[in-house]
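Below is one structure, written out as structure tokens; the observations come after it.
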Amino acid sequence: MKVYTGGGDKGKTSLFSGERVPKHHIRIEAYGDLDELNSVLGAIVANLPPNEDAIAQDLENIQANLFLAGAWLATTPDSSATSYLTTLPENVAKDLEQRIDALSEVLPLLKEFILPGGAPVAAWAHLARTVCRRCERRLTQLMETSKQSDVSELAVIQVYLNRLSDYLFVVARYLNQVLGTPDKTWKKN
Amino acid sequence: MVVAEHSVTILGRKWLNEEVFELECTRPEGFEFVAGQHVTMRYQEDEREYTILSPPSADSLLFLIKRIDQGRLSSILATLDIGGELSISKAMGYLIYRPTDRPIYFVGTGVGIAPFVSMARAGVKNFTLLHGAREIAGLFFRQDLMLAATRYIPCVSGKLSPETNVIDLHPGYVTDYIDRYVKPGAYDFYLCGSRPMIHDMTHLLDQHFPETRIYSEAFN
Numbered sequence: 551m552k553v554y555t556g557g558g559d560k561g562k563t564s565l566f567s568g569e570r571v572p573k574h575h576i577r578i579e580a581y582g583d584l585d586e587l588n589s590v591l592g593a594i595v596a597n598l599p600p601n602e603d604a605i606a607q608d609l610e611n612i613q614a615n616l617f618l619a620g621a622w623l624a625t626t627p628d629s630s631a632t633s634y635l636t637t638l639p640e641n642v643a644k645d646l647e648q649r650i651d652a653l654s655e656v657l658p659l660l661k662e663f664i665l666p667g668g669a670p671v672a673a674w675a676h677l678a679r680t681v682c683r684r685c686e687r688r689l690t691q692l693m694e695t696s697k698q699s700d701v702s703e704l705a706v707i708q709v710y711l712n713r714l715s716d717y718l719f720v721v722a723r724y725l726n727q728v729l730g731t732p733d734k735t736w737k738k739n
Numbered sequence: 009m010v011v012a013e014h015s016v017t018i019l020g021r022k023w024l025n026e027e028v029f030e031l032e033c034t035r036p037e038g039f040e041f042v043a044g045q046h047v048t049m050r051y052q053e054d055e056r057e058y059t060i061l062s063p064p065s066a067d068s069l070l071f072l073i074k075r076i077d078q079g080r081l082s083s084i085l086a087t088l089d090i091g092g093e094l095s096i097s098k099a100m101g102y103l104i105y106r107p108t109d110r111p112i113y114f115v116g117t118g119v120g121i122a123p124f125v126s127m128a129r130a131g132v133k134n135f136t137l138l139h140g141a142r143e144i145a146g147l148f149f150r151q152d153l154m155l156a157a158t159r160y161i162p163c164v165s166g167k168l169s170p171e172t173n174v175i176d177l178h179p180g181y182v183t184d185y186i187d188r189y190v191k192p193g194a195y196d197f198y199l200c201g202s203r204p205m206i207h208d209m210t211h212l213l214d215q216h217f218p219e220t221r222i223y224s225e226a227f228n
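Chains as they are written, first to last, in my numbering: chain A, 551 to 739; chain B, 9 to 228.
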């Protein structure tokens with residue numbers, strides 16, 4: 551696979567559906583943010599403590615799903631290229647809910663705001679959560695500006711990202727818990 | 009390294025000129041692809057991507073291969089015995105036909121013509137084909153492509169002999185043809201060829217046809 555052709559040297563790039571758009575186009579911003587999120591998830595995986603295979607597997611599945619989601623964001627809805635896209639697996643959001651519930655069982659009840667941070671791997675998870683929230687914001691913007699709210703797959707992705715943010719928050723807290731780095735609560739100065 | 013998923017056996021080899029040949033291999037059971045896709049082919053430690061030349065309905069797999077002096081795999085493929093075994097990955101890539109109501113231009117240079125041969129053999133119609141080569145003899149599958157394309161324009165960049173007589177021949181690069189003769193409009197362009205060609209063509213299309221859609225695949 552060739553990494554470069556130089557076709558984007560003058561500030562344009564191709565959508566999956568073939569249109570040439572500026573690199574700051576809302577679609578590029580949207581799937582670029584998903585790419586950033588995917589990279590931060592990779593940083594979490596790279597820093598996971600031993601024996602956290604379940605989380606590693608979760609994150610690998612999520613990374614694969616984000617590739618599928620990115621392709622949808624990179625394609626205009628009326629394009630014939632949509633026939634080559636793959637829908638997200640069924641119940642992706644529900645599966646995340648189950649994982650959130652399972653991880654939450656070992657966590658103390660949250661009564662106050664907590665400061666993002668703690669152990670390095672948990673700090674990566676907090677960062678991933680915030681990037682994920684940005685992905686959501688871009689997606690809603692895209693759906694609004696391109697009138698894509700009627701594309702059902704984007705609605706699925708929207709729910710998935712919302713749940714994923716929650717999952718990453720719980721993962722951050724869980725990792726701090728197992729690494730002996732208790733949550734720091736927000737104290738008003 | 010891409011993990012090869014299928015083992016294939018070489019069935020035949022047909023030389024098209026001194027450096028380019030068709031390689032025919034068995035089609036593994038369950039191997040699916042869309043016309044225009046490529047595979048990663050591997051022999052021992054050497055691997056490289058090749059586009060499938062045959063249509064998806066074919067019983068065997070054909071590849072269009074250029075023997076490169078410094079290219080280890082292409083040299084092996086040029087000499088490996090019939091009956092020899094190789095590995096190929098699953099089919100990949102997105103240089104595949106997408107139905108449209110816009111005028112379609114296929115642009116293939118050298119062995120970059122392979123995806124368009126596969127598409128034409130798969131029954132894709134209503135396209136203009138710009139077929140680029142250094143010399144007439146490098147316009148592989150010209151006769152078949154002339155029949156399949158609505159308009160077939162051979163673009164030969166090398167020196168032509170005075171007695172050359174080819175219908176619609178453009179003496180120059182494919183980019184030069186686009187620059188001179190394609191009218192403003194919104195098109196679907198499919199590009200396959202060397203990286204410099206893809207680079208130059210992409211910038212040319214951006215400049216002249218900002219509404220156009222581009223699908224491309226480059227190779228070294």
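Note that the Cβ used here is the ideal one computed from N, Cα and C, for glycine as well. Since we're looking at a predicted model, the values are computed, not measured.
Anticipated Cβ contact below 8 angstroms, residue i with residue j, distance rounded
i, j, result
"leucine 147 of chain B", "isoleucine 161 of chain B", "The pair is not a contact, with the Cβ atoms about 11 angstroms apart (cut-off 8 angstroms)."
"leucine 69 of chain B", "cysteine 33 of chain B", "5 angstroms"
"valine 701 of chain A", "isoleucine 650 of chain A", "Not a contact, Cβ separation roughly 26 angstroms."
"threonine 563 of chain A", "isoleucine 576 of chain A", "Contact flag wrong, Cβ pair sits at about 13 angstroms."
"arginine 21 of chain B", "phenylalanine 29 of chain B", "5 angstroms"
"cysteine 685 of chain A", "leucine 711 of chain A", "5 angstroms"
"glutamate 225 of chain B", "leucine 103 of chain B", "4 angstroms"
"valine 164 of chain B", "glutamate 143 of chain B", "6 angstroms"
"alanine 689 of chain A", "isoleucine 707 of chain A", "This sequence places leucine at residue 689 of chain A; alanine is not what is there. Going by Cβ atoms, the distance from leucine 689 of chain A to isoleucine 707 of chain A rounds to 7 angstroms, so yes, they are a contact pair."
"threonine 636 of chain A", "leucine 618 of chain A", "5 angstroms"
"valine 182 of chain B", "methionine 209 of chain B", "7 angstroms"
"leucine 616 of chain A", "leucine 584 of chain A", "5 angstroms"
Cβ of residue i within 8 angstroms of any chain D Cβ
i, result
"arginine 683 of chain A", "The chain labelled as chain D is not found among the protein chains of the depicted structure, namely A and B."
Helix, strand or coil at residue i [DSSP, three-state]
i, result
"alanine 705 of chain A", "helix"
"isoleucine 605 of chain A", "helix"
"serine 629 of chain A", "coil"
"isoleucine 532 of chain A", "Residue 532 of chain A lies beyond the range of chain A shown here (551 to 739); nothing can be said about it."
"proline 670 of chain A", "helix"
"isoleucine 175 of chain B", "coil"
"leucine 155 of chain B", "helix"
"tryptophan 736 of chain A", "coil"
"glycine 20 of chain B", "strand"
"serine 169 of chain B", "coil"
"threonine 183 of chain B", "helix"
"threonine 136 of chain B", "strand"
"leucine 212 of chain B", "helix"
"alanine 722 of chain A", "helix"
"proline 658 of chain A", "coil"
"methionine 551 of chain A", "Confidence at methionine 551 of chain A is low in this model, with a pLDDT of 49, below 50, so its placement is unreliable and the value that follows should be read with caution. Methionine 551 of chain A falls in the coil class under three-state DSSP."
Residues bridged to residue i (per DSSP)
i, result
"glycine 201 of chain B", "B:Ala226"
"alanine 141 of chain B", "B:Val164"
"arginine 50 of chain B", "B:Glu55, B:Ser95"
"glycine 557 of chain A", "Answer is none; glycine 557 of chain A lacks a bridge partner."
"methionine 693 of chain A", "Looking at the DSSP assignment, methionine 693 of chain A forms no beta bridge with any residue, so it has no partner."
"cysteine 33 of chain B", "B:Ile18, B:Leu69"
"valine 28 of chain B", "B:Lys74"
"isoleucine 664 of chain A", "A:Thr735"
"aspartate 196 of chain B", "B:Ile112, B:Arg221"
Proximity test, residue i beta-carbon vs the ligand COA heavy atom, cut-off 7 angstroms
i, result
"serine 564 of chain A", "Here there are no bound small molecules, and the ligand COA is not part of this structure."
Under 8 angstroms between C-beta atoms of residue i and residue j
i, j, result
"alanine 606 of chain A", "valine 595 of chain A", "yes"
"histidine 14 of chain B", "glycine 101 of chain B", "no"
"methionine 154 of chain B", "glycine 44 of chain B", "no"
"valine 671 of chain A", "leucine 587 of chain A", "no"
"histidine 216 of chain B", "glycine 557 of chain A", "no"
"arginine 129 of chain B", "proline 63 of chain B", "yes"
"glycine 193 of chain B", "proline 111 of chain B", "yes"
"isoleucine 76 of chain B", "isoleucine 18 of chain B", "no"
"tyrosine 554 of chain A", "alanine 624 of chain A", "no"
"isoleucine 121 of chain B", "threonine 48 of chain B", "no"
"alanine 675 of chain A", "leucine 714 of chain A", "no"
"aspartate 214 of chain B", "lysine 560 of chain A", "yes"
"arginine 159 of chain B", "aspartate 196 of chain B", "no"
"serine 567 of chain A", "serine 629 of chain A", "yes"
"phenylalanine 135 of chain B", "tyrosine 113 of chain B", "yes"
*asked:* Going residue by residue through the segment 54 to 91 of chain B, where are the continuous beta strand (DSSP E) segments of at least 3 residues, counting only ones entirely within it?
replied: Taken in chain order, the whole beta strand (DSSP E) runs of length 3 or more contained in the segment 54 to 91 of chain B are 54 to 59, 68 to 74.
*Write down every uninterrupted run of the beta strand (DSSP E) in the segment 102 to 126 of chain B whose length is 3 residues or greater and which is fully enclosed by it, in chain order.*
112 to 117
*Unbroken stretches of the beta strand (DSSP E), 3 residues or longer, contained in the segment 560 to 618 of chain A*: Complete beta strand (DSSP E) runs here, min 3: 562 to 564, 570 to 572.
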